[in-house]
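For reference, the structure is listed below as structure tokens.
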Amino acid sequence: MSSNYFDKKGSEVSSKEIRRRTVVSFSVFIVLLGVGFFAWSKLYNQPQSADNVQPFLRASLQANERIFSRLYSANKQTKSFKKTDAVARVRVNGDVGMDTAFDYAKWKLKVVRKPGDTLFISLAEIRALPKTEIVFDFKCVEGWSQVTHWGGVRFDEFMKKYNLAPEEAMKYVGMVTPDGQYYVGVDMPSMLQPQTLLCYEMNGKPLPLDQGYPLRLIIPVKYGIKHLKRIGVMSFSNDKPKDYWAEQGYDYYAGL
Ligand SMILES: Nc1nc2c(c(=O)[nH]1)N[C@H]1C(S)=C(S)[C@@H](COP(=O)(O)O)O[C@H]1N2
Ligand SMILES: [Mo]
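Structure follows, in structure tokens:
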């Protein structure tokens with residue numbers, strides 16, 4: 000018995016062979032369907048973690064973070080603008096940790112080297128360090144951005160001046176507002192990037208209160224959420240410091 004079917008090379012294919020191929024194709028289809036269903040049900044039935052993200056998806060996000068933090072090189076710079084490009088009226092966004100009264104006159108930056116070994120550094124001492132100015136496009140995850148002008152001491156220079164080499168060898172810096180309400184964790188390579196400032200000036204004038212007076216972080220390689228206003232305490236660790244927006248499910252790295 001011969002069929003009217005031909006394969007690609009033009010030779011005739013027997014109906015027995017056609018049946019065999021049909022069975023193979025259908026089996027492959029069933030197996031793939033099973034794999035798909037298995038993966039879906041595993042994902043669907045996984046317990047939700049505290050931040051409402053499936054652990055499997057969270058693990059994927061963390062893998063992405065690892066890849067991007069390795070691709071990222073500390074000498075990568077964000078585009079700089081001219082001072083005349085900077086907007087005069089800088090948007091105020093986010094006031095967590097900013098509405099508690101505290102004594103500005105008595106403020107000192109607390110730098111925790113290790114438990115029981117804390118430096119207290121005044122604004123005058125920080126202002127006495129070399130000043131760096133930067134004009135860059137400040138980006139918020141909410142979707143707005145604006146070119147703004149800031150001044151302060153480069154974080155890497157600050158670390159050198161205060162002999163914080165052992166701290167610089169750690170993986171993360173944690174920063175918290177004086178009242179403990181807003182807090183961020185930032186990877187050390189991004190902190191040491193030469194555009195990262197401990198900032199005390201905006202548009203050539205002392206930082207306004209609602210923009211973080213006496214001292215805020217300006218870190219152009221990150222989204223706005225990491226630019227903590229009103230720094231109270233700074234600490235160093237190899238584990239990720241707690242981070243306000245990462246706790247809400249945002250990307251911990253928040254790099255641009
Ligand atoms: N203490 C504190 N710092 C903060 C925030 C906040 O709510 N509290 N919001 C962040 C966010 S989301 C952004 S976009 C920037 C905004 O800085 P600006 O108000 O100077 O524009 O500050 C960041 N720093
Ligand atoms: Mo933001």
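In this text, residue positions in the sequence shown follow numbering that gives the first Met the number 0: the first is 0, and each later residue adds one. In this text, a Cβ means the ideal position worked out from N, Cα and C, and glycines have one as well.
Straight-line spacing of the CA atoms in TRP39 and GLY33 works out to 10 Å. For CYS139, the CB falls within less than 7 Å of some heavy atom of ligand 2. Annotation for GLY33: the continuous alpha helix (DSSP H) segment containing it runs 14-44.
By the beta-carbon neighbour count (other beta carbons within 10 angstroms, threshold 16), SER26 is exposed. Per DSSP, reduced to three states, the secondary structure at GLU11 is strand.
Per the DSSP secondary-structure output, ILE120 pairs in a beta bridge with LEU108. With contact defined as three or more Cβ pairs closer than 8 Å, the stretch 185-202 and the stretch 145-157 are in contact. Checking the 7 Å criterion, the Cβ of ASN162 is out of range of every heavy atom belonging to ligand 2.
Each residue's CA atom was taken as its position, placing ARG126 and PRO213 some 11 Å apart. Within the chosen limit of 7 Å, ligand 1 does not reach the beta carbon of THR195 with any heavy atom. Taken in chain order, the whole alpha helix (DSSP H) runs of length 4 or more contained in the stretch 182-230 are 187-191. When DSSP states are grouped into helix, strand and coil, GLN145 belongs to the strand group. In the three-state reduction of the DSSP assignment, ARG90 falls in the coil class, being assigned neither a helical nor a strand state.
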